[in-house]
Structures are given as C-alpha cells and as structure tokens.
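Below is one structure, written out as structure tokens, with a few remarks after it.
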Amino acid sequence: MSEAIGRLRRVVEQSKRIVFFGGAGVSTASGIPDFRGAEGLYRREFEGLTPEMLLSASFFYLHPEVFFRFYRAHMLHPEAKPNTAHRVLCEWEKRDILRGIVTQNIDGLHRRAGNRRVYELHGSVYENYCMDCNAFYGLEKILGSEGIPRCDRCGGVVKPWVVLYGEAPDKYTVMGACREISNCDTLIVAGTSLSVEPAASMLDYFHGKRLVVINDEPTPADARADLVIRGDVAAVMGEIQPASRENGA
Ligand code: NAD
Ligand code: ZN
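Per the numbering used here, residue 137 is the first one in the sequence shown, and the count goes up by one each step.
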C-alpha cells in the first residue's frame, strides 16, 4: 500500500491538470451510504421496493408521496460534512493543479468544501425547482415540508434537481465534464463502481498520461489504469496530502 501511495504522490507532483472523477464512495467517510458497496442501500429493501424502483422517474410521477418518503429518509444528509478527500481536492484547486471534479454524487459536499469547478452529473439535493413555474428552492424546502413539497407561488410540485433512473443528465454538464476529461493530464477515478451510464463511458474521453483508480473493490477501469489503489478514498487522499490530515476524517 505505501509503495502505491508513494507512486500516487509522484503522479500528483508531476501533474498540471488533474481531473477527479468520483462517486458515492467519496462520501461514505462523511456518513452517507453508497448504493453498491458492502454497506450500500442496494442491499436493502424499503416497503418491499428496491432503491432502483424508488428512484426512477416513472415511480416519481406515479407515487410521489412514497418517493418523497424514501428520499427524505435515505437520500438527504444535511448533517454530513466534507471529509479529507473533499478538503484535499479543494486545496488542489487552490494550488491550480486540479482542473475540475466530475461527480456522480448529489450530496453537494465538493461545493461545500469550497471547490468551484464541479460537474454534478446527477444534480444536487441543494437545488429544487417547481415543475410548473420553475421557481427555485433550496434543500430547506424539502426538509421543512411534509409529503409532496409544493411551490409557494403556484402550488406546483417541487422536484429535486436529481437525475432519476430513466432521465437524461443535463447535456451542458456532461459536455463540460467530457471537455475537462479530454484535456486533463491525470484522471483520478475514485469511489465509484462505474456501473451507471453515461458516467462510466465518459472515461473514454481521457487521452492523458496517467489514469489512477482508488476504490475498495475492483472496477471496470482497473484493466486500463496505470495505477490501481485498493483502499479507502479519504484515507488515501489524506496520505498523499499529509498537511490536510490534522483536519479530521
Ligand atoms: P456505487 O454505490 O455504485 O459505487 C460505490 C463504489 O465505491 C463501490 O465500488 C464501493 O465498493 C466503493 N466504496 C465505497 N466506499 C468507499 C471508500 N470509503 N473508499 C473506497 N471505495 C469505496 O456508487 P456510484 O458509482 O457513485 O454510482 C451510483 C449512483 O449513486 C450515482 O447515480 C449517485 O448519484 C448515487 N449516489 C450518490 C450518493 C451521494 O451523493 N453521496 C450516495 C449514494 C448513491
Ligand atoms: Zn411554482
């Protein structure tokens, strides 16, 4: 492990344009469960339904009350704080060696850590819009309401800006993310099972020098990676950036 950490540290030192491509495993150290990991939500059922069913667009339109019950109970973690991985990435952006973060996470933790160039492929729980008049609402609208959240202006249903199964991600976000991936010299893929499209195929845009994978189980990208580190994302990021370790987990 320590040899791999040393190699990753050298990769970071030699890189000028890093892109970090992350998934739910980046936030498990902040107390937010992933989907497919050992403790993931996909290992459980909710009222006889799987998370895939509950988080599909068709389910949202057919059974919005049940959707919001699940969503409030399991997808919202307002108490979660950025962990070492988020903080190290913020430092890299300040040092101008990080071009951007492409994330499948909807928890908003990269922005809360201070990163600005964040491509949220699947949206963010902090953005919610009225389906009728498009009025914007923050997370407090969902947390502070019961049942189906309604627009103060027109009474329409307020829908989280979260890409549900069966919906397409925002094309400008995808285009921006692909541009960053195709222009970076090092791509670090971390905490993702790479089983959700189009996110997984976006790695094909990478033509840089070094592809690094940090994940606690094998991923489809391992075979083409220059460096694979099997371990905890927050711990690994803390190891290569010792100065950030004193800030906690
Ligand atoms: P996933 O659950 O499919 O995969 C997570 C991967 O990370 C797994 O391989 C797991 O073994 C690994 N992992 C978990 N904790 C880790 C850790 N501490 N260190 C190293 N590896 C770790 O998640 P995904 O690939 O991001 O994909 C799926 C979907 O999950 C996305 O659509 C995303 O929107 C959604 N999701 C987001 C959040 C969040 O916002 N935090 C949480 C759960 C699910
Ligand atoms: Zn409205």
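Backbone N, C-alpha and C define an ideal beta-carbon position, used for all residues, glycine too. A quick note: this is a predicted structure, and the numbers were derived from the prediction, not measured.
Contact defined as beta carbons within less than 8 Å: I believe residue i pairs with residue j. What is the distance between those atoms, to the nearest angstrom?
i       : j       : result
Phe-171 : Phe-206 : Not a contact, Cβ separation roughly 13 Å.
Leu-347 : Arg-366 : Incorrect: roughly 15 Å between the Cβ atoms, too far for contact.
Asn-270 : Pro-296 : The Cβ separation is near 14 Å, so there is no contact.
Gly-236 : Asp-268 : The pair is not a contact, with the Cβ atoms about 34 Å apart (cut-off 8 Å).
Asn-251 : Cys-226 : 5 Å
Thr-164 : Gly-173 : 7 Å
Ile-141 : Val-372 : 7 Å
Would DSSP call residue i helix, strand or coil?
i       : result
Ile-317 : helix
Arg-252 : coil
Phe-342 : coil
Phe-171 : coil
Ile-376 : helix
Gly-291 : coil
Pro-285 : coil
Ala-371 : helix
Val-299 : coil
Ser-163 : coil
Leu-191 : coil
Leu-387 : With the chain represented from 137 up to 385, any question about residue 387 goes unanswered, as that position is not in the structure.
Leu-185 : strand
His-213 : coil
Asp-358 : helix
Arg-180 : coil
Give a yes or no on whether the C-beta atoms belonging to residue i and residue j are separated by under 8 Å.
i       : j       : result
Leu-275 : Pro-214 : yes
Val-332 : Gln-240 : yes
Trp-228 : Ile-154 : yes
Ala-335 : Leu-257 : yes
Leu-330 : Phe-342 : no
Ala-370 : Thr-186 : no
Gly-259 : Val-224 : no
Pro-200 : Ile-278 : no
Arg-143 : Leu-363 : yes
Leu-212 : Val-261 : yes
Val-162 : Ile-376 : no
Ser-151 : Asp-352 : no
Gly-302 : Ser-192 : yes
Tyr-255 : Gly-176 : no
Pro-218 : Ser-166 : yes
Leu-245 : Phe-156 : no
Phe-203 : Phe-195 : yes
Cys-314 : Cys-290 : no
Quick one: give me the first and last residue of the beta strand (DSSP E) that residue i is part of.
i       : result
Ser-329 : Note, Ser-329: premise wrong, no beta strand (DSSP E); not H, not E.
Tyr-265 : 259–266
Bridge partners of residue i, per DSSP?
i       : result
Val-238 : Phe-157 and Tyr-255
Asn-351 : Arg-366
Ile-324 : Phe-156 and Val-348
Tyr-308 : Note: Tyr-308 sits in no beta bridge, so no partner.
Phe-110 : Residue 110 lies beyond the residue range present for the chain, which begins at 137 and ends at 385; the question has no answer from this structure.
I need the boundaries of the alpha helix (DSSP H) containing residue i, first residue and last residue.
i       : result
Glu-149 : 138–150
His-222 : 220–230
Val-202 : 200–206
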